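Here's the structure, in structure tokens; my notes come after.
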């Protein structure tokens, strides 16, 4: 299996990734256990996370870098990175968030006026509603960063061959090459003297983004920077099973969905129920195959005991899918209503931000 | 034959270039006849020069763009572009000069501290000594331009395929691709609203740089800019015949050569003389094969009548190579002495210029 940051990747076997790309499994420590995504193994892999944590523990300069791709609707699959970013920010780690508008332009054909609107109103407003403190965040758009940032990107392009890039990314184009080099500068430029100087950076991503990390770690080493650390979260299953895809609205719940639309989508969510009620009462449900249970696990049931109890009840056939789904729907409704209020408030903030040219 | 901006190109047959790449021969008009390089057919080919001249004549916004590659010694071969630039500047055309330090870094491995020193002290000081008015020039280094300039370069990279680039440039690397895209932005960015807005630009180059022009004209058209115009000058022959090459110091006279060194090189310049003096007196010399005559034509004998007289005398066997070479040596000595004085003065100016980061 190959990973590709520019295509929808359907990962069937995470173990294969660990072996093939040399990712490590995350070892939980108390600091990480505070976060539900780490605790539940949703953020499951890393490169050099231990080095990053060591630097943070010693009070050395360190930062989190995450990106907003202003393309398509922002959905629950995107929320995982926000949750991690907020977790690190709340832990006192410096936070840097980039809007990947050059990448959106070069790899998804999203042009400037749309990129700006989508980035600010559809994404950033939700990030703030989900807890990001933008006043404590170094927020920038790739199209409007700084001369040292672009110059670094040019320098890095001279440190790799086309063959090496093809081995990492598969098929290339000048636009993809430019985009990858800008991403490498996103990850490294915090270490320039004009920013924090040599320092540790942690990049929380989905597995599909690993090619950027693999290339950038090699480039960082060649140029005398500290190799960036990264964590990898599992992907969410599509609502009706299979993979979640931005091109199929019924495969995800968008953070901008109305409650009505979201409830209809929730009604169709694939469960781990048996064919008949009778059978389910006898055999119990299958929470590990249930997208409702996954949604609770990833997003809506942060209390571990509550989640464990639900799982037990399901396994014993004590709760049927209808009742269980209603719990999800109630929480989803509350979440979306709450988020919408905060997002509308945040929109007033974001339109005033001086991020784009 | 292929042209390659990143390798030494030996052009044997200029006519082939006209056909293969669709270059046009320059038609002299009084404005151009004022300049010795145009008048003598040294600047011999163009793309859309007529459109550029039309815009200038109508008082529309127009500019000249030329580049300094801060790599290797500046020699007489480089002087031709300076002479043209000064000609256009003196004609009242806006002048923009870039220091191609990103290209030098990515294609010739010249790193920042060297690039800065070479660009300012070895090149720019000579440009000023040769007549460039830097106070009337928009001078910049590629590594230190502006956000819109880098952003344009990224946009342009998305408008071409690898196959199209390979057809123009031959073998590529990520560094060469970045370098070519930065060059495209060099040529086009003057048309951005942050600079002059939509406008005509003329790029005087040697034939080896035509790939940049071919690619950039296509990109400009796709992005709704005016296609850049360009002129092409013939290459100088190496002092001892064959091609001039920066890696063979005896093939060129550097503007920084001491008079002593230059005189020794001049002594070895290939002439169009016959095997014996007797034969030469009988048959006359061959000025068209004579590098001394070429040096006079390109650089040291701006008076057409004087040059024509010399040619006649040579053809009739009335002047021998020793005497003729002495004329060259006297002029070359005077030129270098005069240039050195001006250059040393210009060095005080260039070190104070705020061009690099």
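Chains as they are written, first to last, in the numbering used here: chain A, 1 to 357; chain B, 358 to 714. We treat Cβ as the ideally placed atom computed from N, Cα and C, and that holds for glycine. On a predicted model such as this, the values are computed, not experimentally measured, just so you know.
Please classify residue i as buried or exposed, where buried requires at least 16 other C-beta atoms within 10 Å of its C-beta.
i, result
"residue 498/B", "buried"
"residue 74/A", "buried"
"residue 303/A", "exposed"
"residue 492/B", "exposed"
"residue 156/A", "buried"
"residue 479/B", "buried"
"residue 350/A", "buried"
"residue 343/A", "buried"
"residue 557/B", "buried"
"residue 387/B", "exposed"
"residue 390/B", "exposed"
"residue 47/A", "buried"
"residue 541/B", "buried"
"residue 111/A", "exposed"
"residue 145/A", "buried"
"residue 116/A", "buried"
"residue 554/B", "exposed"
"residue 151/A", "buried"
"residue 591/B", "buried"
"residue 159/A", "buried"
"residue 622/B", "buried"
"residue 550/B", "exposed"
"residue 625/B", "exposed"
"residue 15/A", "exposed"
"residue 297/A", "buried"
"residue 633/B", "exposed"
"residue 272/A", "buried"
"residue 470/B", "exposed"
"residue 520/B", "exposed"
Would you list the one or two residues that DSSP bridges to residue i?
i, result
"residue 381/B", "403/B"
"residue 453/B", "422/B, 495/B"
"residue 563/B", "590/B"
"residue 611/B", "432/B"
"residue 558/B", "420/B"
"residue 342/A", "DSSP lists no partner for residue 342/A."
"residue 584/B", "DSSP, once it has assigned bridges, lists no residue as partnering residue 584/B."
"residue 600/B", "594/B"
Closer than 8 Å by beta-carbon distance: list the chain A residues that pair up with residue i, in chain order.
i, result
"residue 538/B", "174, 178"
Can you pull the chain B neighbours of residue i, defined as C-beta to C-beta under 7 Å?
i, result
"residue 143/A", "508"
"residue 165/A", "531"
Who are the neighbours of residue i on chain B, taking C-beta pairs under 8 Å?
i, result
"residue 105/A", "511, 512, 515"
"residue 161/A", "530, 531"
"residue 147/A", "500, 501, 502, 503, 504, 507, 714"
"residue 68/A", "Ordered by position in chain B, no residue passes the 8 Å Cβ test against residue 68/A, which lies about 17 Å from the chain."
So which residues of chain A does residue i contact, with C-beta pairs closer than 7 Å?
i, result
"residue 583/B", "Chain A residues near residue 583/B: none, gap ~21 Å exceeds 7 Å."
"residue 459/B", "154"
Three-pair Cβ contact test at 8 Å for the stretch 129 to 138 of chain A versus the stretch 529 to 536 of chain B: No: fewer than three Cβ pairs fall under 8 Å.
Cβ contact (3+ pairs, closer than 8 Å) linking the stretch 463 to 470 of chain B and the stretch 590 to 606 of chain B: Verdict: no, contact absent.
Any 3 or more C-beta pairs closer than 8 Å across the stretch 282 to 296 of chain A and the stretch 311 to 324 of chain A: Judged by Cβ distances under 8 Å, the stretch 282 to 296 of chain A makes contact with the stretch 311 to 324 of chain A, as three or more pairs qualify.
At least 3 beta-carbon pairs within less than 8 Å: the stretch 644 to 651 of chain B vs the stretch 676 to 695 of chain B: yes
Inside the stretch 452 to 485 of chain B only - alpha helix (DSSP H) runs reaching at least 4 residues: Segments of the alpha helix (DSSP H) lying fully in the stretch 452 to 485 of chain B: 458 to 465, 469 to 474.
Entirely enclosed beta strand (DSSP E) segments - the stretch 489 to 544 of chain B, minimum 3 residues: 494 to 498
At least three beta-carbon pairs within less than 8 Å, the stretch 418 to 436 of chain B to the stretch 369 to 379 of chain B: no
Segments of 3+ residues assigned as beta strand (DSSP E) that fall wholly inside the stretch 611 to 688 of chain B: Secondary structure remark: continuous beta strand (DSSP E) runs of at least 3 residues inside the stretch 611 to 688 of chain B: none found.
The stretch 52 to 70 of chain A touching the stretch 85 to 97 of chain A, judged by at least three CB pairs closer than 8 Å: yes
Given 8 Å, three or more beta-carbon pairs between the stretch 256 to 266 of chain A and the stretch 37 to 45 of chain A: no
Segment contact, 8 Å Cβ cut-off, at least three pairs: the stretch 210 to 225 of chain A with the stretch 49 to 60 of chain A: no
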